[in-house]
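The next block holds one structure in the form of structure tokens; read it before the comments.
Protein chains: 4
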Amino acid sequence: MIVVLGKGATDEQIREVCQRLEAVGYQSAVWRGVQRTVIGAIGIIDEQVKDRLIEQLESLPFVESAIRILRPYKLVSREWKEDSSEVTVNGKQIGSEYFVVMAGPCAVESREQLLRAARGVKAAGADLLRGGAFKPRTSPHTFQGLGKEGLILLKEVSEETGLPVITELMDARDLEDVMEVAAIIQIGARNMQNYTLLRAVGQVRKPVLLKRGLSATIEEWLQAAEYICIGGNDQVILCERGIRTFETYTRNTLDLSAVVAAKKLSHLPVVVDPSHGTGKWDMVIPMSLAAAACGADGLLVEVHPDPANAVSDGAQSLTLERFAELMQRLQPVLQAVGRKLYQSPEKTLSPAPVAEP
Amino acid sequence: MIVVLGKGATDEQIREVCQRLEAVGYQSAVWRGVQRTVIGAIGIIDEQVKDRLIEQLESLPFVESAIRILRPYKLVSREWKEDSSEVTVNGKQIGSEYFVVMAGPCAVESREQLLRAARGVKAAGADLLRGGAFKPRTSPHTFQGLGKEGLILLKEVSEETGLPVITELMDARDLEDVMEVAAIIQIGARNMQNYTLLRAVGQVRKPVLLKRGLSATIEEWLQAAEYICIGGNDQVILCERGIRTFETYTRNTLDLSAVVAAKKLSHLPVVVDPSHGTGKWDMVIPMSLAAAACGADGLLVEVHPDPANAVSDGAQSLTLERFAELMQRLQPVLQAVGRKLYQSPEKTLSPAPVAEP
Amino acid sequence: MIVVLGKGATDEQIREVCQRLEAVGYQSAVWRGVQRTVIGAIGIIDEQVKDRLIEQLESLPFVESAIRILRPYKLVSREWKEDSSEVTVNGKQIGSEYFVVMAGPCAVESREQLLRAARGVKAAGADLLRGGAFKPRTSPHTFQGLGKEGLILLKEVSEETGLPVITELMDARDLEDVMEVAAIIQIGARNMQNYTLLRAVGQVRKPVLLKRGLSATIEEWLQAAEYICIGGNDQVILCERGIRTFETYTRNTLDLSAVVAAKKLSHLPVVVDPSHGTGKWDMVIPMSLAAAACGADGLLVEVHPDPANAVSDGAQSLTLERFAELMQRLQPVLQAVGRKLYQSPEKTLSPAPVAEP
Amino acid sequence: MIVVLGKGATDEQIREVCQRLEAVGYQSAVWRGVQRTVIGAIGIIDEQVKDRLIEQLESLPFVESAIRILRPYKLVSREWKEDSSEVTVNGKQIGSEYFVVMAGPCAVESREQLLRAARGVKAAGADLLRGGAFKPRTSPHTFQGLGKEGLILLKEVSEETGLPVITELMDARDLEDVMEVAAIIQIGARNMQNYTLLRAVGQVRKPVLLKRGLSATIEEWLQAAEYICIGGNDQVILCERGIRTFETYTRNTLDLSAVVAAKKLSHLPVVVDPSHGTGKWDMVIPMSLAAAACGADGLLVEVHPDPANAVSDGAQSLTLERFAELMQRLQPVLQAVGRKLYQSPEKTLSPAPVAEP
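Chains as they are written, first to last, in this note's numbering: chain A, 1 to 357; chain B, 1001 to 1357; chain C, 2001 to 2357; chain D, 3001 to 3357.
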């Protein structure tokens, strides 16, 4: 940590800062410049103590700022663990040379809808089935998901098709129910800083997919992942799903550079959700290819057998045909960057070329 | 709702849209323009059906957009209830001609700290004591609050000083415990879209202060309030606490125009948190005065008897002396806009002039 | 400056950084921590050399970051000049205990429109007349201003009413023409980083009002002001006019905390434009009062004798009656914070109460 | 256009709106709903008249909003011209099946630096040489470019290497000088709404590359392009270079979805600047591959023979070796999406693998 004192800092002020640093176990070193005095804190101290100290120092009127040198997370960092982590789901490795595709409807609506979706995405080469039983919705007037009934349908369809399931947990009290069905527990963007939930999934031993919050910095996203790891659960998958910016043409702004950054700063695998990331079905394929090209470890895509009659997110869902097209177009791009799919997409479909404007 | 069809919409496409509108109870009216065809949906239908329909229509390739005309909330709107609502706490009306001030430390640290803070803010004219027992913290390495022990201290100090308490609820499972202590339940910015929590506090009959999320639009904030009201709890107070923007000098960007907007769109009272809104103690007084001038109904301010030794948020906390100064400077500004404090601030303190640059 | 080297920095790498620092005139000091090595640069060197050096150091793979300690502007800073600067226009001091109000139409439309506006705002107590001859418009299909004809009208109306004029300069080639008419030259938000223009107005000896760019940080805004001061023109007035955020209810998000910050960091006067800041006429009065309360030195307000027939910005313009009401409501708020208007507003008008929701 | 009137609109108010619509040539159609009255404007009128009308209508207290149905640009839209446009530079087509790469230093520093850069990027397969003679810099204390001397060096090096040049124009008064050197005139992000400059380059007959402004929506970017086209110059290339968001890890947030959107909405070619888009050299290669995968028509990349001694933007510049690596890694990705480079990159260099974290 570096503490910057304003112009004209007195000896007494400098002494006060040094004493505070040393009181918690730092060594201190003082540089008196012409315009500023800078005091360096050398050593490693408890993070909780450090955070408190920074706030306290900044409350002193003569302290201009207290600047962190080390990043505020540890277990999820590349410095802590240099090799990339892989999260295993049903024998498949997320974060490996294989690119893992999770696909399915936004919400579980009915047995028939889910089964059609599952069979379709499986045929096209998906590795997991996504589908929400509990749905976080901005408006209280909107469909909120089938709840536990949805979980039962997910379990049935998973058994029938052999596809493992990823589904969202919104309430820690539902954890046990979700654990029975899900191969991966999803934490949604709106809950990225729901610490009750993060602590709950930190206690279990099951993969967790953590979506980046709408306005979360990459650093905060990694800190949220740290909450889970600290509990003892290191099977965390990060998911970039678009951030909120001033742009309104897209539902969110998909930040693919965050994939590159997260993979550099952390050893955890990173996947991309191009459906929420753009909010428009006709942008999903090109953004998925871009995600594959820049080094993402997989995709989470909304696919619906009949988007025009979906109960939610129809506007951003691919049809089964489009999804098959996505999988076929992904393959050469993955190959170009030295990666591959677990299942080669079937060639029986002859999809129309991607939506040209 | 208005549905816009792209150039060259066919009769069949127009018919499909009309049928979909009529199927849910709308009347439809078609305008064929030169460049676009616009189809209006007239009537009032269930919000859940409408939301789904919008998504479905937008999934049709020939539909350019489906535009809402009515705002997506009802119970919290001025149209639903024209008169401003007042929320009564201990005989004081929030949302009335009185300007209500809630002050105290970020976190409950100890009996002594809380008691000193409570006595100080009471003497200076505060109406409620704020203090966090459960703390949402970005980093898992940081102090997370005293939890239930903190609630007990709040209760004791409240009884000793006669100040009612506002404190944050983070986990629906703690609702009963919080209810025993709090006169107002606070929902934090990070939980503004934690629907589990919103539904829980919608079930009780106690005032709820709902902070605006870091990246929540005013519309989403009102929708979150609607979640609470729909449960039957209409004692909701909105709290603007700064939004996330590109500016880094301040911790957040305090959006005072949101106070004006929220009071125009909704009948609910609106208060301002200038401490989180700026993150800097020396900006709290001027921004508090501005909040009073533009029509806010009150303040939520962080005050600590010794910020330089606070366990959290020291950098944005006022000392007791500064808080007394704030109260004295608030009074004439409130008077200038036709409002007043419940308790005139004591004049015994002679605070230093506010930090001039 | 502080240079942070990654974990495991070698002696040679440390030496390279030290040599680079010393080559430009710094002394260097090395702290080897457990996780990072930090190298401090002590001394004052030319800003141009420093900027280049930071970029160069960050291009070295073993350098994690190079952190500035001093702010990247000088002449406009409070450190350079502790006392607040006042800019004198027609014998009135902007930045003094007087609060200066500049009002008038967005665009000059006709002699009659301008004259009615000028007489109205003068009667209500305005100090300057605003009005655009050159208009920056997002769309090329929109009215672009009357140009030089507009300047002539401004001159005539200024002479007739005795109100000095503030008007926008968009093209350095029009500088001489604008100088003949304007008492204050306005640089618009879109041109805040048009360095050609900044340099041009730095060469003249006339007050310049510099609007904050839509996405400019406070630091960048002050750097833009520095461009003008470096040319030798220190009569710069800063103007906060709203920044671009994710919120769409308002046209921009008026950042009043930037007023407080700019006045702390800089000695320059700061005024507020609540018209562009909100984009809605019914938010202009409350936000003006807030600006006065938090310490702004004046206002720049759009007023039109007939907004419903204005050629531009009708939606955010006050009528003359509303403007008179604003002036009357400003007075007690200014008094509450120890300031005053040059001209007391006339009491002859009995305006309707401000739009309550 | 659609005009929405508040609840309880009177017949007189409806009549006023209809009369205003009809006065400018629209037909009007009224829908009275239960909660709102909606008035549709049918027909095509002059854009300038329409813009003014929208503002005027919104100034009426009983009008809730006036909503555009058509996009506010025409010449640059896909509706105006369905086929993708190609811009020809030295016999190469930007916007064709070929992917065009423009590379070189941020700023022209010296003949030797420029020549080394030009030879290096040419050998690696670049199609154009980029290099700034006039530099827009945030700080007035920073290197501002060599100016006309830089133009001369660009001309010499262009002739020597045969690479056509792209360079930035900052001041309309330099247009002639820049035209003599540049095959493409660059308009920088900070000048995207410098209408003086846009009009100037609209008058010439030379390709213009228009960077997206830091906080410009896609719609505003296309409107800026429209300014150029309206002047008669339709050789416009759009360039996405990152937008300003809350994220601070990257210099800007590169918005690749804007490439997909711009290509859908407009017929103009779109290229990507991954150097400014990320601000970090080690993110340039993965983001370039992503740009190629999602359908961009080319790249504008900063390359410096010696970034550690560059006078500007060293931190985001590729070395010649890294650039050669980029070109080699681009080729298979382009092939995977059905595109190609004009020049196959030489295989003589054996670059190190891209920086793995």
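From the three backbone atoms N, C-alpha and C, an ideal C-beta is built for every residue, glycine too.
- Excluding residues up to 5 positions away in sequence, 4 lie with their Cβ nearer than 6 Å to the Cβ of residue 36/A in the same chain.
- Sorting 3328/D, 3336/D and 3307/D by C-alpha distance to the C-alpha of residue 2059/C places 3307/D at the top.
- Nearest to residue 2155/C by C-alpha distance, out of 2167/C, 2215/C and 2144/C, is 2167/C.
- Against chain C, the beta carbon of residue 70/A has neighbours under 8 Å at 2035 and 2036, listed in chain order.
- Contact annotation: in the region 128 to 147 of chain A, residues whose CB is within less than 7 Å of a CB in chain B are 136, 138, 139, 140, 141, 142 and 143.
- Look at residue 3215/D: its C-beta is under 8 Å from a C-beta on chain A.
- Per DSSP, the unbroken beta strand (DSSP E) holding residue 3298/D starts and ends at 3298 to 3302.
- About 14 Å separates the beta carbons of residue 2251/C and residue 2211/C, which is beyond the 8 Å limit, so they are not a contact pair.
- DSSP, read as helix, strand or coil, puts residue 3027/D in strand.
- Between residue 2108/C and residue 2225/C, the CB-CB gap reaches or exceeds 8 Å.
- Residue 1187/B and residue 1197/B have their alpha carbons spaced roughly 8 Å apart.
- When CB distances to chain C are screened at a threshold of 7 Å, the residues of the region 244 to 257 of chain A falling below it are 244, 245, 246 and 248, in chain order.
- Counting along the chain, the unbroken alpha helix (DSSP H) around residue 1055/B starts and ends at 1047 to 1059.
- Within chain B, the residues 1170 and 1171 have their CB atoms less than 7 Å from the CB of residue 196/A, given in chain order.
- Taking each of 199/A, 202/A, 270/A and 318/A in turn and checking the Cα distance to residue 283/A, the smallest one comes out for 318/A.
- Annotation: Cβ neighbours of residue 295/A in chain D (cutoff 7 Å, chain order): 3286.
- Per DSSP, the continuous alpha helix (DSSP H) segment holding residue 196/A begins and ends at 195 to 203.
- Scanning chain A for C-beta atoms nearer than 7 Å to the C-beta of residue 1315/B yields 55, 58 and 59, reported in chain order.
- Boundaries of the beta strand (DSSP E) harbouring residue 3168/D: 3165 to 3168, taken from the DSSP string.
- Secondary structure of residue 2093/C (DSSP, three-state): strand.
- Counting along the chain, the unbroken alpha helix (DSSP H) around residue 2114/C starts and ends at 2111 to 2124.
- Taking 8 Å as the threshold, the shortest C-beta distance from residue 220/A to chain C does not fall below it.
- For residue 121/A, the closest of 143/A, 103/A, 39/A and 195/A by C-alpha to C-alpha distance is 103/A.
- Using beta-carbon distances, residue 2283/C counts as an interface residue toward chain B, with a partner under 8 Å.
- For residue 1227/B, the closest Cβ of chain A is nearer than 8 Å.
- In summary, the residues of the region 2302 to 2327 of chain C whose CB is separated from some CB of chain D by less than 7 Å are 2307, 2308, 2309, 2310, 2311, 2312, 2313, 2314, 2315 and 2317, in the order they occur in the chain.
- Going by beta carbons, residue 289/A and residue 222/A fall outside the 8 Å limit.
- A residue is called buried once 16 or more other Cβ atoms fall within 10 Å of its Cβ, and residue 3064/D is buried on that count.
- If you draw a straight line from the Cα of residue 3016/D to the Cα of residue 3025/D, it is about 15 Å long.
- 1079: these are the residues of the region 1078 to 1090 of chain B whose beta carbon lies less than 8 Å from some beta carbon of chain D, given in chain order.
- In the same chain as residue 1069/B, and ignoring 5 residues on each side of it, the C-beta atoms closer than 8 Å to its own belong to 1001 and 1002, in chain order.
- Note on residue 131/A: 16 or more other CB atoms within 10 angstroms of its CB, so buried under the neighbour-count rule.
- The residues 2104, 2129, 2157, 2161 and 2163, in chain order, have a CB closer than 7 Å to that of residue 2118/C in the same chain once the five nearest residues on each side in sequence are set aside.
- At a cut-off of 3 residues, the continuous stretches assigned as beta strand (DSSP E) that sit fully inside the region 2289 to 2333 of chain C are 2298 to 2302.
- Under the three-state reduction of DSSP, residue 341/A is assigned to strand.
- In the three-state scheme derived from DSSP, where H, G and I count as helix and E and B as strand, residue 3240/D is classed as strand.
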